[in-house]
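*Asks:*
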Amino acid sequence: MSLGGLLPAARYRDRFQEGERTMRVERALYTILALSWILWQGAPGTAQQNAGDPGSATGAAVVSSTASVDVPSASAQVPAQPAPVPAATQVPVPTATHTPLPTPTPTPTSTTTPTSTFTSTATYTSTPTFTVTSTPTPTSTFTPTPTSTPTPLGAAHFYDRLIDLDRLATLEQPGVAAKQFSSYNRESRYDPDKDEYIGWDANGDAGYYIRVEPDTGEAVMAEMEGPGCIWRIWSANPKGRIRFYFDGATTPSLEFDFNDLFSKDKSPFPRPLVWQRRADLGGDNPASNCYMPIPFAKSCKVTSDKAHRQYYHIGYSLFPKDTRVSTFRLERTPEEEAALQRVCNVLLQPGVDPQGADGLQWVEKAESLAPGQSLAVADLKGPGTIRQLFAKLASQDRYARRKVLLQIFWDGNEIPAVEAPIGDFFGEAWQENPYKSLPMGIGDDLNYCFWRMPFHQSARVVVTNQGEHPANLHFKAGWLPGDLPAGATLFHARWRRDISSSEFDYPILDCTGSGRLVGAVLYPDNLVGGWWGEGDEKIYVDGEKFPSFFGTGSEDYFGDAWGIRDFANPYHGCSSKGDWEKVRRQSLYRWHIADDIPFAQSLRFTMENYAAHHAGLPKNISAPWLTGIRLPVERISSSLFRSASESRRDPRFPERWMPNPPVFESRPLPSSK
Numbered sequence: 001m002s003l004g005g006l007l008p009a010a011r012y013r014d015r016f017q018e019g020e021r022t023m024r025v026e027r028a029l030y031t032i033l034a035l036s037w038i039l040w041q042g043a044p045g046t047a048q049q050n051a052g053d054p055g056s057a058t059g060a061a062v063v064s065s066t067a068s069v070d071v072p073s074a075s076a077q078v079p080a081q082p083a084p085v086p087a088a089t090q091v092p093v094p095t096a097t098h099t100p101l102p103t104p105t106p107t108p109t110s111t112t113t114p115t116s117t118f119t120s121t122a123t124y125t126s127t128p129t130f131t132v133t134s135t136p137t138p139t140s141t142f143t144p145t146p147t148s149t150p151t152p153l154g155a156a157h158f159y160d161r162l163i164d165l166d167r168l169a170t171l172e173q174p175g176v177a178a179k180q181f182s183s184y185n186r187e188s189r190y191d192p193d194k195d196e197y198i199g200w201d202a203n204g205d206a207g208y209y210i211r212v213e214p215d216t217g218e219a220v221m222a223e224m225e226g227p228g229c230i231w232r233i234w235s236a237n238p239k240g241r242i243r244f245y246f247d248g249a250t251t252p253s254l255e256f257d258f259n260d261l262f263s264k265d266k267s268p269f270p271r272p273l274v275w276q277r278r279a280d281l282g283g284d285n286p287a288s289n290c291y292m293p294i295p296f297a298k299s300c301k302v303t304s305d306k307a308h309r310q311y312y313h314i315g316y317s318l319f320p321k322d323t324r325v326s327t328f329r330l331e332r333t334p335e336e337e338a339a340l341q342r343v344c345n346v347l348l349q350p351g352v353d354p355q356g357a358d359g360l361q362w363v364e365k366a367e368s369l370a371p372g373q374s375l376a377v378a379d380l381k382g383p384g385t386i387r388q389l390f391a392k393l394a395s396q397d398r399y400a401r402r403k404v405l406l407q408i409f410w411d412g413n414e415i416p417a418v419e420a421p422i423g424d425f426f427g428e429a430w431q432e433n434p435y436k437s438l439p440m441g442i443g444d445d446l447n448y449c450f451w452r453m454p455f456h457q458s459a460r461v462v463v464t465n466q467g468e469h470p471a472n473l474h475f476k477a478g479w480l481p482g483d484l485p486a487g488a489t490l491f492h493a494r495w496r497r498d499i500s501s502s503e504f505d506y507p508i509l510d511c512t513g514s515g516r517l518v519g520a521v522l523y524p525d526n527l528v529g530g531w532w533g534e535g536d537e538k539i540y541v542d543g544e545k546f547p548s549f550f551g552t553g554s555e556d557y558f559g560d561a562w563g564i565r566d567f568a569n570p571y572h573g574c575s576s577k578g579d580w581e582k583v584r585r586q587s588l589y590r591w592h593i594a595d596d597i598p599f600a601q602s603l604r605f606t607m608e609n610y611a612a613h614h615a616g617l618p619k620n621i622s623a624p625w626l627t628g629i630r631l632p633v634e635r636i637s638s639s640l641f642r643s644a645s646e647s648r649r650d651p652r653f654p655e656r657w658m659p660n661p662p663v664f665e666s667r668p669l670p671s672s673k
């Protein structure tokens, strides 16, 4: 998404002339750290070497052992048992304020309210009230079609998927595909006859559609055939009216004012499933997101009343043809209303495990790590599943969150499946700034993670202090021993950075195998100011030549628009304080919970590197990216990572590199006793 029309030309030119001078001194323009989460299934206990990947190695011993666990004691104050959630009146998710992290609790549910009626006005007030109890949320699963006529997947099934982290820990059934329609510039195309990409760096991604209907003048935004569900609708400047045609209908099944669809006062859907913010730049141009599931049985066409010059994304899944789905309707049964309210209660209380903590066994350690010291904070015997991780870190080293390394090894493998600085892993690399999302966050200096991490034989969690000062660490893991469900996956998250890269389609992830992409975190370090985020995301599934996901700008992927500012929502946000014009470092996250991206053979995820190409800088100067990638690897393709000598797989900064101002202020060391 272009900001060129919003920033005065002289201001833009002066900024980048200054940037060019600064770059000669700093030897860097942008530092970007990206972190991607994937659940991936490979042969247990094996890893394949990639000669171009310094983080890979051959072989892994398979450890066979009985189920047992070492549970050391610790005196640091992290609650050992979950506390019940008190009844509460729910309010919309705040975007800039945060409350202390609650203790892990069973899932809240709610009482039923009357069924909504078919109307294009809001069926919820802007501050809906829910009565919370502590009944665990049921886990929804995608089950194969039995021989008898199955019950269609109803609204409650799709609501439950919005908070179902357990589902993500298993492989998707064959035939499910995730894709996205968007307004990307149609000058970008692939010529299969020449195997050539044309106009691949085209920018200006507004006002493009599949076609304009000749009889009505409607502009077709999306067109899907087969049973499926729309999971996400985003726009930077929603205009006119949006219409949905379900299952071959020739007249609109639903029609809304496009801007009202996201409005807290006028939307037919409740917060936090809709969210909108009026940006400082662009006047009336709002960042708008809708996560209300919109399922359909046979087909769905989405149109705009005319070809407005607007930006949009429509993310969706298609299911196997024999999947029975109940098509979306605004009216809800009492049971569906209760299911929706239960889900909204969970999303309005981020920091609480959606499926609760019942039956978990706990491993806990609190220790001061000397420089260079490693500590195994958990050593578990499987089968089992790690369901919750908590960490608290304190050090006189102002870069401690970047210098304490977290590694997790599955099933005796010598290669860590999870490897990242502890700050990068928990979604805020630069400082302990509180934020809360559904699976990850920071509250009251306590980092939390609710991703499900199954293992077959063993799980070993190791932390290493690579800083110059002692680091006090308190770490706690909640896990559930027992047999794993069919198709259980191995959780992977690998960190990577480049000191410099001129690659236009910068690689976030390139892997083979089968699994799901469930999230990504990006850490820009903008040394000279100005806008860094013009690049479109491109996600290729199972070897396709043209991406299933072709975005419209980096901040658009993370749910914002017209730049990026701090906010924290259940699925997406910017956890660093300030906006892109005033703060050089930011932490951006996007979680694919209901809208995960399954792959059976391979997945390739890139983001355009526009800094040196179209932001007014000389083209002979490359944009340095520090990239962090948590790679689920059976094999990492070296073809994308051409600047192998620039790759870094450790959290230490390059020689003579010092952030200014500090990113982590020093503070007294608390006692670990």
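With my numbering, letter number 16 in the sequence shown gets 16, and the count goes up by one each step, no holes. From the three backbone atoms N, C-alpha and C, an ideal C-beta is built for every residue, glycine too.
If we count the other Cβ atoms within 10 Å of its Cβ and call it buried at 16 or more, is Arg667 buried or exposed?
*Replies:* In the sequence shown, counting from the first residue as 1, residue 667 sits at position 667. Low confidence applies to Arg667: its pLDDT is 30, below 50, so where it sits in the model is not reliable, and the reading given next is rough at best. It is exposed - the Cβ of Arg667 has fewer than 16 other Cβ atoms within 10 Å.
*Asks:* To the nearest angstrom, how far is the alpha carbon of Gly175 from that of Asn237?
*Replies:* Taking the first residue of the sequence shown as 1, we reach residue 175 at position 175. Taking the first residue of the sequence shown as 1, we reach residue 237 at position 237. Those two C-alpha atoms are separated by around 34 Å.
*Asks:* With Ile415 as the anchor, note down where its alpha helix (DSSP H) starts and where it stops.
*Replies:* Residue numbering aside, residue 415 sits at position 415 when the sequence shown is read from its first letter. From DSSP, Ile415 is part of no alpha helix (DSSP H); its letter is neither H nor E.
*Asks:* Rounded to a whole number of angstroms, what is the C-alpha to C-alpha distance between Phe246 and His313?
*Replies:* Residue 246 sits at position 246 when you count from the first residue of the sequence shown. Residue 313 sits at position 313 when you count from the first residue of the sequence shown. Computed Cα separation, rounded: 19 Å.
*Asks:* Runs of 3 residues minimum, wholly inside the region 252-281: which ones carry the beta strand (DSSP E) assignment?
*Replies:* Segments of the beta strand (DSSP E) lying fully in the region 252-281: 254-257, 274-278.
*Asks:* Assuming Lys403 and Gly443 form a contact by the criterion Cβ under 8 Å, report the distance between their Cβ atoms to the nearest whole angstrom.
*Replies:* As a position in the sequence shown, residue 403 is number 403, starting the count at 1. As a position in the sequence shown, residue 443 is number 443, starting the count at 1. Incorrect: roughly 22 Å between the Cβ atoms, too far for contact.
*Asks:* Can you name the residues that DSSP bridges to Gly443?
*Replies:* Residue 443 sits at position 443 when you count from the first residue of the sequence shown. Bridge partners of Gly443: Leu446.
*Asks:* Quick check on DSSP: helix, strand or coil for Glu331?
*Replies:* If you number the sequence shown from 1, residue 331 lands on position 331. Coil.
*Asks:* Measure how close the beta-carbons of Leu360 and Trp479 come, nearest whole angstrom, since I'm counting them as under 8 Å.
*Replies:* Counting from 1 along the sequence shown, the entry for residue 360 is found at position 360. Counting from 1 along the sequence shown, the entry for residue 479 is found at position 479. Confirmed, about 6 Å.
*Asks:* In chain order, which alpha helix (DSSP H) runs of at least 4 residues are fully inside the region 339-407?
*Replies:* Entirely contained in the region 339-407, the alpha helix (DSSP H) runs reaching 4 residues are, in chain order, 400-403.
*Asks:* For Ala370, count the other beta carbons within 10 Å of its own beta carbon; 16 or more makes it buried, fewer makes it exposed. Which is it?
*Replies:* For the purposes of this step, residue 370 is taken as the residue at position 370 of the sequence shown. With fewer than 16 Cβ atoms within 10 Å of its Cβ, Ala370 is classed as exposed.
*Asks:* Mind checking who Thr512 pairs with in its DSSP beta bridge?
*Replies:* Within the sequence shown, residue 512 is the residue found at index 512, counting from 1. Ser602.
*Asks:* Determine the direct distance from the alpha carbon of Ala307 to that of Leu171, and round the result to whole angstroms.
*Replies:* Along the sequence shown, one-based indexing puts residue 171 at 171. Along the sequence shown, one-based indexing puts residue 307 at 307. Looking at the two C-alpha atoms, the distance is approximately 39 Å.
*Asks:* Within the continuous alpha helix (DSSP H) that includes Ile422, where are the two ends?
*Replies:* Translated into the one-based positions of the sequence shown, residue 422 becomes position 422. Run containing Ile422: 422-425, per the alpha helix (DSSP H) assignment.
*Asks:* Determine the extent of the alpha helix (DSSP H) in which His157 is found, giving its start and end residues.
*Replies:* Within the sequence shown, residue 157 is the residue found at index 157, counting from 1. Here the alpha helix (DSSP H) through His157 covers 155-161.
*Asks:* Roughly how many angstroms lie between the CA atoms of Glu335 and Pro152, to the nearest whole one?
*Replies:* Taking the first residue of the sequence shown as position 1, residue 335 is located at position 335. Taking the first residue of the sequence shown as position 1, residue 152 is located at position 152. Between Glu335 and Pro152, the C-alpha separation is close to 15 Å.
*Asks:* When the Cβ atoms of the region 163-170 are set against those of the region 486-493, are three or more pairs found closer than 8 Å?
*Replies:* Judged by Cβ distances under 8 Å, the region 163-170 makes contact with the region 486-493, as three or more pairs qualify.
*Asks:* Name the residue from Trp532, Phe549, Pro570 whose alpha carbon lies nearest to the alpha carbon of Ala561.
*Replies:* If you number the sequence shown from 1, residue 561 lands on position 561. The residue with the shortest Cα to Cα distance from Ala561 is Trp532.
*Asks:* Beta carbon of Tyr291, beta carbon of Leu438: below 8 Å?
*Replies:* Start at 1 with the first residue of the sequence shown, and residue 291 comes out as number 291. Start at 1 with the first residue of the sequence shown, and residue 438 comes out as number 438. No, the Cβ-Cβ distance between Tyr291 and Leu438 is not below 8 Å.
*Asks:* The alpha helix (DSSP H) spanning Glu428 covers which residue range?
*Replies:* In the sequence shown, residue 428 corresponds to position 428, counting from 1. Here Glu428 belongs to no alpha helix (DSSP H), and DSSP marks it neither H nor E.
*Asks:* Whole angstroms are fine: how far does the CA of Leu393 sit from the CA of Phe426?
*Replies:* As a working note, residue 426 is residue 426 in the sequence shown. As a working note, residue 393 is residue 393 in the sequence shown. Cα to Cα, the separation comes out at about 12 Å.
*Asks:* Can you tell me which residues form a DSSP beta bridge with Ser304?
*Replies:* Taking the first residue of the sequence shown as position 1, residue 304 is located at position 304. Paired residues: Ala219, Ile242.
*Asks:* From Glu337 to Val418, what does the alpha carbon distance come to, in whole angstroms?
*Replies:* Counting from one through the sequence shown, the residue named residue 337 turns up at place 337. Counting from one through the sequence shown, the residue named residue 418 turns up at place 418. Between Glu337 and Val418, the C-alpha separation is close to 39 Å.
*Asks:* Would you mind stating whether Lys239 and Phe258 have Cβ atoms separated by less than 8 Å?
*Replies:* Taking the first residue of the sequence shown as position 1, residue 239 is located at position 239. Taking the first residue of the sequence shown as position 1, residue 258 is located at position 258. Closer than 8 Å, so yes.
*Asks:* Go ahead and label Tyr506 buried or exposed: buried means 16 or more other beta carbons lie within 10 angstroms of its beta carbon, across all protein chains shown.
*Replies:* Numbered from 1 along the sequence shown, position 506 holds the residue referred to as residue 506. By the neighbour-count rule (16 or more Cβ atoms within 10 Å), Tyr506 is buried.
*Asks:* Alpha carbons only, please: which of His492, Met453, Gln457 is nearest the one belonging to Ala477?
*Replies:* In the sequence shown, counting from the first residue as 1, residue 477 sits at position 477. Residue Met453 is the option with its Cα nearest to Ala477.
*Asks:* Given the structure, does Leu517 come close to the ligand MN, in the sense that its CB is under 7 Å from one of the ligand's heavy atoms?
*Replies:* Inclusion of the ligand MN in the displayed structure is not the case, the ligand content being empty and no account of it being possible.
*Asks:* Residues in its own chain within less than 7 Å of Phe181 by CB, not counting five upstream and five downstream?
*Replies:* Against the sequence shown, residue 181 aligns to sequence position 181. Excluding positions up to five away in sequence, the list reads Met221, Ala222, Ile314.
*Asks:* Nearest by alpha-carbon distance to Pro252: which of Phe504, Cys300, Pro598, Phe390 is it?
*Replies:* Residue numbering aside, residue 252 sits at position 252 when the sequence shown is read from its first letter. Looking at the Cα atoms, Cys300 is the closest of the given residues.
*Asks:* What does the alpha-carbon distance come out to for the pair His157 and Cys229?
*Replies:* Walking along the sequence shown from the start, residue 157 turns up at place 157. Walking along the sequence shown from the start, residue 229 turns up at place 229. Straight-line Cα distance between these residues: approximately 11 Å.
*Asks:* Are the CB atoms of Arg232 and Asp566 nearer to each other than 8 Å?
*Replies:* Along the sequence shown, read from residue 1 onward, the residue named residue 232 stands at position 232. Along the sequence shown, read from residue 1 onward, the residue named residue 566 stands at position 566. Cβ atoms of Arg232 and Asp566: not closer than 8 Å.
*Asks:* Just how far apart, CA to CA, sit Gln601 and Lys179?
*Replies:* Along the sequence shown, one-based indexing puts residue 601 at 601. Along the sequence shown, one-based indexing puts residue 179 at 179. Gln601 and Lys179: Cα-Cα distance of roughly 16 Å.
*Asks:* Check whether the Cβ atoms of Arg398 and Ala429 sit closer than 8 Å, and answer yes or no.
*Replies:* As a working mapping, residue 398 is identified with position 398 in the sequence shown. As a working mapping, residue 429 is identified with position 429 in the sequence shown. Not in contact: Arg398 and Ala429 (Cβ atoms no closer than 8 Å).
*Asks:* To the nearest angstrom, how far is the alpha carbon of Gly535 from that of Ile386?
*Replies:* Taking the sequence shown and counting its residues from 1, the one referred to as residue 535 is at position 535. Taking the sequence shown and counting its residues from 1, the one referred to as residue 386 is at position 386. Approximately 35 Å, taken between the alpha carbons.
*Asks:* Look at the alpha carbon of Glu196 and the alpha carbon of Gly543, and state the distance between them as a whole number of angstroms.
*Replies:* If you number the sequence shown from 1, residue 196 lands on position 196. If you number the sequence shown from 1, residue 543 lands on position 543. Rounded to the nearest angstrom, the two C-alpha atoms are 15 Å apart.
*Asks:* Considering only the beta carbon of each residue, do Ala391 and Phe455 sit closer than 8 Å?
*Replies:* Along the sequence shown, one-based indexing puts residue 391 at 391. Along the sequence shown, one-based indexing puts residue 455 at 455. No, the Cβ-Cβ distance between Ala391 and Phe455 is not below 8 Å.
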